[in-house]
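Per this note's numbering, numbering of the sequence shown is gapless, rising by one per residue and ending at 494.
Positions of the beta carbon are idealized from the N, C-alpha and C atoms, including for glycine.
Only a predicted model underlies this, so the values are computations on that prediction, with no experimental measurement involved.
These notes concern the structure reproduced below.
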Amino acid sequence: MGLAEERVIRVLRPSVLVLCGPAACGKSTFAARHFRPTQVISSDSCRQLVCDDETDQRYHLQAFALVNFLVGQRLSINRLCVVDSTALTPGARKSLLDLGRKYRVPTELFLFDVAIEKCLERNLSRARSVEPKVIEEQYRLFKQAHEAIRSEGFDQVFELCEQDLQSVRLEVLYRPINPLSAGSNAESRCNSAVSSRVS
Ligand SMILES: Nc1ncnc2c1ncn2[C@@H]1O[C@H](COP(=O)(O)OP(=O)(O)OP(=O)(O)O)[C@@H](O)[C@H]1O
Ligand SMILES: [Mg+2]
Numbered sequence: 296m297g298l299a300e301e302r303v304i305r306v307l308r309p310s311v312l313v314l315c316g317p318a319a320c321g322k323s324t325f326a327a328r329h330f331r332p333t334q335v336i337s338s339d340s341c342r343q344l345v346c347d348d349e350t351d352q353r354y355h356l357q358a359f360a361l362v363n364f365l366v367g368q369r370l371s372i373n374r375l376c377v378v379d380s381t382a383l384t385p386g387a388r389k390s391l392l393d394l395g396r397k398y399r400v401p402t403e404l405f406l407f408d409v410a411i412e413k414c415l416e417r418n419l420s421r422a423r424s425v426e427p428k429v430i431e432e433q434y435r436l437f438k439q440a441h442e443a444i445r446s447e448g449f450d451q452v453f454e455l456c457e458q459d460l461q462s463v464r465l466e467v468l469y470r471p472i473n474p475l476s477a478g479s480n481a482e483s484r485c486n487s488a489v490s491s492r493v494s
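Written out as structure tokens, the structure is:
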């Protein structure tokens, strides 16, 4: 692909970037490729932290309480948050939108528009695979999400196709923070425009 065709996505720090897609579509791989490990808040990692097993769905509530807690703590000190979970239900997306609003930062959605056949294929090729019917159900929810998200209030929605997963480039733009309000609560945070680019 030539430079002229390269897709560049610019995101702000601080902000909440919500990854959304069925199991095995490539969310964690994408997050690891484009962001620092500490910027990525993974529901699987949080589940593992609370109950020792990242696959144990019984502790969903505790795992997401930890996800939301970490997002809030990071936003309170103006850090970028990349939330790596399926985000397939309106409720899951709303809690992240609410945190973005509370801390007055943009909340942006990354939709992983990957064919179900690819998800099923990738699922089989990894160590931790799930039942194919789980992916089929999540893919159905993903199609519903695709319809619903336009009216949910995200500041931007980025649709990533298969090719984008390989070639898209991400730039993080630092938003200037009023030094008088830096480190204080969300209400006093300066909500001004985009600043210069950093690598
Ligand atoms: N762009 C890609 N091309 C080829 N293989 C990929 C790509 N992205 C991810 N994979 C492979 O697909 C499998 C699933 O990827 P990954 O774990 O990132 O999915 P996920 O969306 O995070 O799934 P889950 O929701 O279950 O955590 C992995 O084995 C990974 O190496
Ligand atoms: Mg993952």
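In the structure shown, ILE411 falls within a helical segment according to DSSP collapsed to helix, strand and coil. Proximity annotation: ligand 1 has residues ALA318, ALA319, CYS320, GLY321, LYS322, SER323, THR324, ARG417, ARG421 and LEU460 in chain order, each selected because its CB is closer than 5 Å to a heavy atom of the ligand. Counting C-beta atoms within 10 angstroms of its own C-beta, GLN433 has 16 or more neighbours from the protein chains shown and is therefore classed as buried.
Between THR384 and ASP450, the CB-CB gap reaches or exceeds 8 Å. Boundaries of the beta strand (DSSP E) harbouring ILE304: 303-308, taken from the DSSP string. Looking at the DSSP output, CYS341 sits in no beta bridge, so it has no partner there.
Residue state for CYS320 is assigned as coil, using DSSP reduced to three classes. As the crow flies, the alpha-carbon of ALA422 is around 14 Å from that of THR324. Closest in C-alpha terms to LYS322, from the list LEU404, GLY367, GLU442 and ARG445, comes LEU404.
Between HIS441 and LEU406 the beta-carbon gap is near 7 Å, inside 8 Å, which marks them as a contact. Under the three-pair Cβ rule at 8 Å, the stretch 298-313 does not count as touching the stretch 352-365.
Of the heavy atoms belonging to ligand 2, at least one sits nearer than 7 Å to the Cβ of ASP339.
Here CYS456 is actually not in contact with CYS320; their C-beta atoms are around 11 Å apart, not less than 8 Å. Residue range 451-456 is occupied by the beta strand (DSSP E) that includes GLU454.
Nearest C-alpha to PHE437 among SER310, CYS315, LYS389 and ASP348: CYS315.
Residues VAL377 of the same chain have their beta carbon placed closer than 6 Å to that of PHE330, with the five preceding and five following residues left out of the count.
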